[in-house]
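Report on the structure given below.
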Amino acid sequence: MSTPSSNQLPRSFGAVPRTGVIYVMEKAAARGFTAGDPNWVNLGQGAPETGNLPGSPPRLDSIPINMCAREYAPVAGLSRLREAVAELYNRRFRGGKSSQYGPENVAISAGGRAGLTRIAAALDRIHLGHFLPDYTAYEELLELFRDFLPIPILCKDRRLPNAEQLREEIVGRGLGGLLLSNPCNPTGDLVHGENLKKWLELSRELSCAMIFDEFYSHYVYTDDVQPGGANSAAAFVEDVNQDAILIVDGLTKNWRYPGLRLSWTLGPKAVVEAIASAGSFLDGGAPHPIQEAAIPLLEASVAEQEARSIQKEFGRKRKFMLQRLRELGLLIDFEPSGGFYCFASLENLPPQLSNCMDFFHAALAKKVITVPGHFFDVNPGQRRSHLPSRLQQFVRLSFGPSMQEIKLGLERIAEIVYN
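Offset between the sequence shown (1-based) and our numbering: plus 23.
Here it is, written out as structure tokens:
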């Protein structure tokens, strides 16, 4: 009998897919990358800079652990934190509305993926629409649970649909639900204002649940930002316990604390109960001390101050990256209205750089990390394996790092393009 190699799975285990960001970080690590190495520039990172920004609130630098915090927290989250989340959304988005979020409408999770996984476990046997392109980790999430069927929706010119187009997709594909990042990761497209209101009207009319991943909702660069400095579907929910609208957000991006791994889900009370039940066997709940530490961060004035500082500083970095990429010959279909990424086309670059994987390896040789576009062609189960990716000439570049790092990374990309 042959002995399996050390990197070969025993027969009782199956292969587990890796997200695009994990793939590129492993390739970078193989070339010597370590976090904080000044010789490397990570334009592939899915995290914002975490230090002080001009005008941002004081940063959290320690987390006390009192006697109570040594114990497990409830799976659904600490009641005080759930209440703080509900109050934040009511103050920001639901002023004057008779239906208000309460703590029973909030579930706390240990990070966004945990929150989304709980939702996936609670879904019934429906057709669940998802957009192309979108967040790379959705591929693994949509593949893991087999009760619902993922249905891809191609975004024309990589733009999210308007309400009339969305109606055709929901009715034509028999969708019982939709999952999307808003703002979109990687394109930065944004559903907001009157269009977002019409989306929620469709949800009610067609009984189609909508799951909004709002992790970038502070990173909005439009002139009509909702009160409180953020964009959220919560502003257009009529009845918090009847509208099948779920909102997932957390400290990772919008408060710039990715290391704390804390998220929340808002939705109808009955759905939140189901999500918490799923959490009892999936993850057991978020760490107690981190939940305690998060409560002051959710005070409305603190959240708005953070959002405004993000929009000013990241707006500056966004403007710089867009200008420099265009100078280098990379094409931008449309300027990102949200998030901290540029999803750029390589089609006008020399042939040896016009494919996203070739570009990725060329940049990696210069110690610059990028994310190839085909990873955002979400394809659970590889059901479209016979087709080439529509996104193989695209790359995602992050303006999440500091301006200094962004400038250095783009200088090195210029060396690749011009040489």
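Beta carbons: idealized from backbone N, C-alpha and C, even for Gly.
Because the structure is a prediction, the values reported are computed rather than measured.
In this structure cysteine 231 does not touch leucine 202 by the C-beta definition: roughly 11 Å separates them, more than the 8 Å allowed. Selection Leu354, Ser421 and Val325 evaluated against tyrosine 364 yields Ser421 as nearest (Cα-Cα). Cβ-Cβ distances below 8 Å link leucine 376 to Leu369, Phe382, Ala385, Ile439 and Val440 in the same chain, with the five nearest sequence neighbours on each side left out; the list follows chain order. Per DSSP, the continuous beta strand (DSSP E) segment holding glycine 200 begins and ends at 200-204. The three-state reading of DSSP puts tryptophan 287 in strand, counting E and B together. For the set Phe154, Val64, Arg169 and Phe168, the Cα lying nearest the Cα of glutamine 188 is the one of Phe154. Counted as a single uninterrupted DSSP element, the alpha helix (DSSP H) harbouring histidine 311 occupies residues 311-317. A residue is called buried when at least 16 other Cβ atoms come within 10 angstroms of its Cβ; glutamate 49 does not meet this threshold and is exposed.
For aspartate 272, DSSP records a beta bridge to Trp287.
If you look at aspartate 381, you'll find it in the alpha helix (DSSP H) that goes 379-388.
Distances from the alpha-carbon of glutamate 127 to those of Leu101, Lys120 and Ala144 put Leu101 closest. In the three-state DSSP reduction, glycine 43 falls in the helix class (H, G or I). Residue burial annotation: cysteine 207 is buried, with at least 16 other C-beta atoms found within 10 angstroms of its C-beta. DSSP places aspartate 236 within a strand segment (E or B) once states are collapsed to three. The stretch 220-235 makes no contact with the stretch 119-135: fewer than 3 CB pairs, one atom from each, lie closer than 8 Å. Phenylalanine 154 is bridged by DSSP to Ile176. Taking the Cα of leucine 183 as reference, the smallest distance to any Cα among Ile270, Gly195, Ala160 and Phe357 is reached at Phe357. Sequence-distant partners of leucine 32 (beyond 5 residues in either direction) whose C-beta falls short of 8 Å from its own C-beta, in its chain, are Ala38. Separation of glutamate 228 and alanine 143 (C-alpha to C-alpha, rounded to the nearest whole angstrom) is 23 Å. According to the DSSP secondary-structure assignment, leucine 354 is paired through a beta bridge with Ser368.
By the Cβ test, the stretch 311-330 is not in contact with the stretch 154-169, since fewer than three Cβ pairs between them sit closer than 8 Å. Of the residues Ser35, Leu66, Ser332 and Ala107, the one whose Cα lies closest to the Cα of alanine 317 is Ala107. Nearest to arginine 407 by C-alpha distance, out of Tyr124, Tyr112 and Ile176, is Ile176. The beta carbon of glutamate 192 sits closer than 6 Å to the beta carbons of Ile176 from its chain, once the five residues preceding and following it are set aside; these are given in chain order. Exposed is the label assigned to glycine 55, since fewer than 16 other Cβ atoms lie within 10 Å of its Cβ. One Cα belongs to alanine 99, the other to alanine 299, and the distance between them is close to 5 Å.
Judged by their CB atoms, glycine 251 and phenylalanine 116 are nearer to each other than the 9 Å cut-off.
In this model, leucine 348 and glycine 302 are separated by some 43 Å (Cα to Cα). Straight-line measurement puts the Cα of isoleucine 429 at about 15 Å from the Cα of leucine 387.
Where arginine 103 is concerned, there is no enclosing beta strand (DSSP E), although the alpha helix (DSSP H) around it starts and stops at 102-116. For leucine 66, the secondary structure class from DSSP, reduced to helix, strand or coil, is coil. Residue range 292-305 is occupied by the alpha helix (DSSP H) that includes isoleucine 298. Counting the other CB atoms within 10 Å of its CB gives cysteine 91 a total below 16, which places it among the exposed residues.
When the alpha-carbon of valine 243 is set against those of Leu433, Thr57, Val214 and Ser122, the nearest one is in Val214. Bridge pairing for arginine 419: Phe366 and Val394 [DSSP]. By the neighbour-count criterion, in which 16 or more other beta carbons inside 10 Å mark a residue as buried, glycine 396 falls on the buried side.
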